[in-house]
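To start, the structure under review is shown below, and the notes come after it.
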Amino acid sequence: RGKPWRTEPIANQGLWVMARYRLSRWVMLHLHVPILRQFLRALCFIAQKIIEVMTHCEVPDRTQIGPGMFMPHAYCIVIHQDAEIGELCTISQEVTIGAAGRGDSKGVPVLGDRIYIAPGVRAFGAISIGSDVAIGANAVVTKSLPKNAVAVGIPAKVISEKGTADLITYRNQPPPNQPGPNQPEPN
1030 RGKPWRTEPI
1040 ANQGLWVMAR
1050 YRLSRWVMLH
1060 LHVPILRQFL
1070 RALCFIAQKI
1080 IEVMTHCEVP
1090 DRTQIGPGMF
1100 MPHAYCIVIH
1110 QDAEIGELCT
1120 ISQEVTIGAA
1130 GRGDSKGVPV
1140 LGDRIYIAPG
1150 VRAFGAISIG
1160 SDVAIGANAV
1170 VTKSLPKNAV
1180 AVGIPAKVIS
1190 EKGTADLITY
1200 RNQPPPNQPG
1210 PNQPEPN
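The numbering of the sequence shown is this note's numbering, which starts it at 1030 and goes up by one.
See the structure below:
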């Protein structure tokens, strides 16, 4: 038996992190009333610091994150402000997505859609992580990963091409490479 829905906003720290991020991002990009914008930015900054102290999660409002981001255990998650994260991604505890490299390889990761990042993963540098990728616990990702990859180890190596199709179920959506309710079976 799960928690009652009424306790979810209080008990779910990932919800705190993402709600603060979404509000701060909206204020930064869409609010154009100067005095109100400055007041709300100050409140968002204070909320960010309180949430950082409580959860040790740093998710700057400059980071580009698609809809549906899920943090089941929001603890010690650090995301660089220039990182890009696609839709419906799951990021577990103690994950770092940061900058690294020199010269042309200097930069931050760009993550596709429907990615599962297990606990303890580190992803650094100007790399691209394709859609539907699963990254195993404590992996260190320093090179780009193709679509549908399953990567593990230090440094991360692709061990499978199954991706997240069997790992994550999305409500009201068919799994990748499966027909939807109104789509015919592939021949």
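Using N, Cα and C, we set each Cβ at its ideal position, and we do this for glycine too.
- Item | 6 Å Cβ shell around ASP1111 - same chain, five flanking residues per side excluded | VAL1137
- Pick helix, strand or coil for LYS1078, following the three-state DSSP scheme. LYS1078: helix per DSSP, three-state reduction.
- Output yes or no for whether 8 Å exceeds the beta carbon distance between THR1119 and ARG1151. no
- Indicate the three-state DSSP secondary structure (helix, strand or coil) for PRO1215 in the structure shown. Residue placement at PRO1215 is flagged as unreliable, the pLDDT there being 47, under the threshold of 50; the coordinate-derived value follows with that caveat. In the structure shown, PRO1215 sits in coil (DSSP, three-state: anything other than H, G, I, E or B).
- Message: Looking at GLY1192: is its Cβ nearer than 8 Å to the Cβ of VAL1181?
- Response: no
- Query: Which of the three DSSP states, helix, strand or coil, is assigned to VAL1183?
  - Reply: Correcting the residue identity first, residue 1183 is Ile in this sequence and not Val. Residue state, collapsed to three classes: coil.
- Message: Alpha carbons only, please: which of THR1092, ILE1079, GLN1042 is nearest the one belonging to MET1057?
- Response: THR1092
- Check whether the Cβ atoms of SER1160 and GLY1097 sit closer than 8 Å, and answer yes or no. no
- Query: Is it the case that the Cβ atoms of HIS1109 and GLY1127 are separated by a distance below 8 Å?
  - Reply: yes
- Query: Taking the Cβ atom as the reference point for each residue, do VAL1162 and ILE1144 lie within a distance shorter than 8 Å?
  - Reply: yes
- Of all the options GLN1042, GLY1043, LYS1172, which has the alpha carbon lying nearest to the alpha carbon of ALA1155? LYS1172
- Go ahead and pull the three-state DSSP assignment for GLN1122. coil
- Message: Here's the rule: buried if 16 or more other CB atoms are within 10 angstroms of the residue's CB, otherwise exposed. What is MET1047?
- Response: buried
- Straight-line gap, MET1083 to HIS1059 (C-alpha atoms, nearest Å): Distance between the alpha carbons of MET1083 and HIS1059: 28 Å.
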